[in-house]
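Worksheet: the structure to be examined is printed underneath.
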């Protein structure tokens, strides 16, 4: 049973989206996604300043066996990346909603409709 | 086609293993995580179900001569209790499969070919055996095979069988065949025996501390040591010389493929070399290898070394050790260095 915090929004591609204290939108992958990937050994993150449309590939998480694309859950600009993942990609496994976050984005359009925790849970069942 | 299952299949599923199709078999990829299973073998001890691998028995007055003809090794140099790694070649010197030959006596041998090659090797041997006084039997369905690997493996073998076995030797204990062989580069053994005994052996070894290890870690363990994977590092198009395993050839005997190898020896040819990624990333089979902006080869194997925490791969290259190449990953050229395996 994977953990799905109620205060976050989700995509069907297993990204989560949440508010950030100092502005912007935090993005990462869900507990379900990190568990399916197992052992994240490398995360390729975008550059600060890069702009993406919703659904663009913006990052890649790699396990020993497979590489998995991570899509921009919203249209927007990258404000910051989680540089700790360069040295410690395993944070994605250990704390997918906490220290394993991936990027901070500034939305450049109205927020799209995303899944709430309950709908995301249903999409997994 | 339904997948084959080993005698331990239901136990793997019960343990919660992630199961995958491997060479037509439904096998455990990982029980917990590839990295933790990998580290268990390097630091302590693991147990692998490799019952999908084959057991082909070759016996009779002509067995030694026959096996010398169809492999790269001269079996008259082996004594009772010896295990020998060698290649089975076609007339062009291309590797059909690699195998270990078990010597029970000078007229009684067993070979352990790879799962996907058992039928092919059995048919090939039958095709080539008409001039030899031999009996060839495929008993792959009658045996389990477990690999117990890691620095603590000798302790477990002593505890359970009251045995110690040196590398590349075999001992028969009751109806078990136990050899000092493996595919991890660690101290270890492979245990083969009748299917009815498999569950008891598996349980005893896990109770003594052996951690179940899936095919995922089996691949990273062998790749760190530069060992070949059948169907990946050779697939019918590469010779033993190209694979870098010329030490498995005894040139002082006649064998299928010898003439081709002798003429290849006079030429230059690509050699399977290690590629160590100098930047962060994971290597994958099939990634293109570039030199000075031109694609020169591709990776056969590729992964991440859990110990080195670096991308590692193998590639057929006509380049000196130390050369810097580029590997194209997602439209980015990453630097890699050609090295002599093993990586570790």
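Chains as they are written, first to last, in this note's numbering: chain A, 386 to 510; chain B, 486 to 829. Think of the CB as a built atom: it goes at the ideal place given N, C-alpha and C, for glycine as much as any other residue.
- For chain A, the residues of the stretch 763 to 796 of chain B that bring a beta carbon within less than 9 Å of one of its beta carbons are 765, 766, 767, 769, 788, 789, 791, 794, 796, in chain order.
- Taken atom to atom, the span from the alpha-carbon of residue 765 (chain B) to that of residue 396 (chain A) is near 28 Å.
- Contacts with chain B at 8 Å (Cβ-Cβ) do not include residue 420 (chain A).
- Neighbours of residue 518 (chain B) in chain A, taken as residues whose beta carbon is under 7 Å from its own, are 423, 424 in chain order.
- In the three-state DSSP reduction, residue 796 (chain B) falls in the strand class (E or B).
- Our two residues, residue 702 (chain B) and residue 575 (chain B), have alpha carbons roughly 31 Å apart in a direct line.
- When C-beta distances to chain B are compared with 8 Å, the residues of the stretch 433 to 451 of chain A below that value are 445, 447, 448, 449, 450, in chain order.
- Among the CB atoms of chain B, none fall inside 8 Å of the CB of residue 468 (chain A).
- Cβ-Cβ distances below 8 Å link residue 416 (chain A) to 387, 388, 389, 481, 482 in the same chain, with the five nearest sequence neighbours on each side left out; the list follows chain order.
- Using a Cβ distance threshold of 8 Å, residue 813 (chain B) and residue 781 (chain B) do not count as a contacting pair.
- In this chain, residue 672 (chain B) is not harboured by any alpha helix (DSSP H), its DSSP state being neither H nor E.
- Each of B:523, B:531, B:573, B:625 was checked against the Cα of residue 489 (chain B), and the nearest Cα belongs to B:625.
- Residue 808 (chain B) carries a coil assignment under DSSP once its states are collapsed to helix, strand and coil.
- The beta carbon of residue 708 (chain B) is closer than 7 Å to those of 786, 788, 797 in its chain, skipping five residues each way along the sequence.
- A check of alpha carbon separations from residue 506 (chain B) across B:537, B:533, B:773, B:521 identifies B:537 as the nearest.
- Within a 10 Å sphere around the beta-carbon of residue 474 (chain A) sit 16 or more other beta-carbons, which makes this residue buried.
- Residue 457 (chain A) and residue 795 (chain B) have their C-alpha atoms roughly 28 Å apart.
- From the listed residues A:428, A:505, A:478, A:508, the smallest Cα separation to residue 470 (chain A) is found for A:428.
- A check of alpha carbon separations from residue 758 (chain B) across B:551, B:511, B:810, B:629 identifies B:810 as the nearest.
- Looking from the CA of residue 654 (chain B), the closest CA among B:648, B:664, B:645, B:660 belongs to B:664.
- Looking at the backbone, the Cα of residue 596 (chain B) and that of residue 569 (chain B) are separated by about 10 Å.
- For residue 584 (chain B), the closest of B:725, B:815, B:498 by C-alpha to C-alpha distance is B:725.
- Distances from the alpha-carbon of residue 615 (chain B) to those of B:648, B:552, B:503, B:649 put B:552 closest.
- For residue 515 (chain B), the nearest CB of chain A lies under 8 Å from its own CB, placing it at the interface with that chain.
- For residue 516 (chain B), the three-state secondary structure derived from DSSP is coil.
- Non-local C-beta neighbours of residue 490 (chain A) in its own chain, meaning closer than 7 Å and more than five positions away in sequence, comprise 409, 410, 412, 459, 461, 462, 463, 464, ordered along the chain.
- Residue 559 (chain B) sits buried, since 16 or more C-beta atoms from the chains shown fall within 10 Å of its C-beta.
- With contacts defined as CB atoms closer than 8 Å, residue 419 (chain A) and residue 477 (chain A) qualify as a contacting pair.
- Collapsing the DSSP output to three states places residue 530 (chain B) in coil.
- By the C-beta density criterion, residue 732 (chain B) is exposed, having fewer than 16 other C-beta atoms within 10 angstroms.
- Residue 388 (chain A) has a beta carbon lying at 8 Å or more from every beta carbon in chain B.
- In the three-state reduction of the DSSP assignment, residue 446 (chain A) falls in the strand class.
- Collapsing the DSSP output to three states places residue 701 (chain B) in a helix.
- Taking a beta-carbon distance threshold of 8 Å, residue 701 (chain B) counts as an interface residue toward chain A.
- Only those residues of the stretch 700 to 726 of chain B whose C-beta falls short of 7 Å from the nearest C-beta of chain A are listed: 701, 705.
- Using a Cβ distance threshold of 8 Å, residue 675 (chain B) and residue 685 (chain B) do not count as a contacting pair.
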